[in-house]
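Asker: Below you will find the structure I want to go over with you.
Numbering (the numbering used here), first residue to last: 46 to 304.
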């Protein structure tokens, strides 16, 4: 089974915009993610979560250390590692079906396989909207279409950068269930960046808590609950409380972690 990630002593720095030196976004971060695992990364804004995801995707180059996917060093982007952003990335001039066909054609992995496209569209509950354009869809439908387009090329690893952050609470919960269903069906390794502690608990096998800049792993928390999960259960609430305290959001002293 493919999709194993190995992150070894990762460091990532950026030049400051005022040219006065460098900014260290991630420092000495090591993490192994097993094939087929669902891992969420949480932490305050500016702790390096998105930088970590972009480096795994191959959009950023490590300053030091290395990232391996299936035992091979990550050097640039690859269809083996898909990436889904907070805002949908559908082409507005293409229908849902043609957006997915474009992804298949661009990946050069499956060609323009109409059976795969129709199957995914049906799985996502978009059969009646296959020939609709993005502007004709609701926000939740656009994100659902963007999700199945990311899954169309069957990447070994799917990287999710707060893909549900802009949605209303109800639509967000519906799509969380959709993500779990598709993940279980296809067996991809999933790495999710989120600010939502409940979302991390609801979706993940493990949760990586990152400390403020420079980004380091403060703690890795196992989520022992079986699927489907009950948001109102006591073990869910207890884990939420533990994570909030770990993030210092529950402390009596207000602290600014959004630098």
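All C-beta atoms, glycine included, are put in the ideal place defined by N, C-alpha and C.
Any C-beta of chain D sitting closer than 7 Å to the C-beta of residue 243?
Answerer: The structure shown contains no chain D; it is built from a single protein chain.
Asker: Please name the residue in 139, 288, 206, 263 whose C-alpha comes closest to that of residue 75.
Answerer: Nearest option by C-alpha distance: 263.
Asker: Going by DSSP, which residues form a beta bridge with residue 68?
Answerer: Paired residue(s): 59.
Asker: Count the other CB atoms within 10 Å of the CB of residue 109; is the residue buried (16 or more) or exposed (fewer)?
Answerer: With fewer than 16 other Cβ atoms within 10 Å, it is exposed.
Asker: For residue 47, which residues in the same chain have their Cβ closer than 7 Å to its Cβ, ignoring the five residues on either side in sequence?
Answerer: 80, 115, 201, listed in sequence order.
Asker: Check whether the region 175-192 and the region 129-149 touch, using three or more Cβ-Cβ pairs below 8 Å as the test.
Answerer: Contact between the region 175-192 and the region 129-149 is present, because at least three Cβ pairs lie under 8 Å.
Asker: Can you tell which of 213, 212, 224, 215 has the C-alpha that lies nearest to the C-alpha of residue 205?
Answerer: When each option's Cα is compared against that of residue 205, the closest is 224.
Asker: Buried or exposed for residue 144, please, with buried defined as at least 16 other CB atoms from any protein chain shown within 10 angstroms of its CB.
Answerer: Residue 144 should be labelled buried.
Asker: In whole angstroms, give me the CA-to-CA distance for residue 299 and residue 199.
Answerer: Note on residue 299: pLDDT 37, under 50, position unreliable in the model; no value is reported.
Asker: Return the chain-ordered ranges of every alpha helix (DSSP H) run that is complete within the region 135-198 and spans a minimum of 4 residues.
Answerer: Counting whole runs of 4 or more residues, the region 135-198 contains the alpha helix (DSSP H) stretches 141-152, 159-168, 184-197.
Asker: Go to residue 201, then tell me how far its beta strand (DSSP E) extends in each direction, as first and last residue.
Answerer: First-last for residue 201: undefined, no H or E at that position.
Asker: Residue 72 and residue 56 - do their beta-carbons sit closer together than 7 Å?
Answerer: Yes, these two residues count as a Cβ contact at 7 Å.
Asker: Are the Cβ atoms of residue 120 and residue 102 separated by less than 7 Å?
Answerer: No, the pair does not count as a contact, with Cβ atoms beyond the cut-off.
Asker: With a Cβ-Cβ cutoff of 7 Å, do residue 254 and residue 87 count as a contact?
Answerer: Yes, the pair counts as a contact, with Cβ atoms nearer than the cut-off.
Asker: Give a yes or no on contact between the region 242-257 and the region 265-275, applying the rule of three or more CB pairs nearer than 8 Å.
Answerer: Verdict: yes, contact present.
Asker: In this structure, how does DSSP classify residue 300 when only helix, strand and coil are distinguished?
Answerer: Its pLDDT being 39, under 50, residue 300 is placed unreliably by the model, and nothing is read from it.
Asker: Measuring straight from C-alpha to C-alpha, what distance separates residue 248 and residue 85?
Answerer: Using only the alpha carbons, I get a separation of about 8 Å.
Asker: In the structure shown, what three-state DSSP assignment does residue 86 receive?
Answerer: Residue 86: strand per DSSP, three-state reduction.
Asker: Let me confirm a value: residue 304 is counted as buried when at least 16 other C-beta atoms fall within 10 Å, else exposed. Which label applies?
Answerer: Only weak support is given to the placement of residue 304: the predicted model assigns it a pLDDT of 26, under 50, and the value that follows is read from those uncertain coordinates. Answer is exposed; the Cβ neighbour count stays below 16.
Asker: Once DSSP output is grouped into helix, strand and coil, what is the label at residue 322?
Answerer: What the structure shows of the chain is the stretch from 46 to 304, and residue 322 is not part of that stretch, so it cannot be assessed.
Asker: Span of the alpha helix (DSSP H) holding residue 223?
Answerer: That run of the alpha helix (DSSP H) goes 214-231.
Asker: Closest to residue 177 by CA distance: which of 148, 283, 212, 137 is it?
Answerer: Nearest of 148, 283, 212, 137 to residue 177, Cα basis: 137.
Asker: Based on the DSSP secondary-structure assignment, which residues constitute the bridge partners of residue 52?
Answerer: Paired residues: 76, 112.
Asker: Give a yes or no on whether the C-beta atoms belonging to residue 165 and residue 197 are separated by under 7 Å.
Answerer: Against a cut-off of 7 Å, the Cβ pair of residue 197 and residue 165 comes out as a contact.
Asker: Determine whether the beta carbon atoms of residue 226 and residue 175 lie at a separation below 7 Å.
Answerer: No; because the gap between Cβ atoms is not below 7 Å, this pair is not in contact.
Asker: Expressed to the nearest angstrom, what Euclidean distance is found between the alpha-carbon atoms of residue 283 and residue 270?
Answerer: For residue 283 and residue 270, the distance between alpha carbons rounds to 12 Å.
Asker: What residues in its chain sit with their C-beta under 8 Å from that of residue 301, if we drop five residues either side in the sequence?
Answerer: Since pLDDT at residue 301 reaches only 36, below the 50 mark, its modelled position is unreliable, and the value read off the structure follows with that caveat. Closer than 8 Å at Cβ, skipping near neighbours: no residue.
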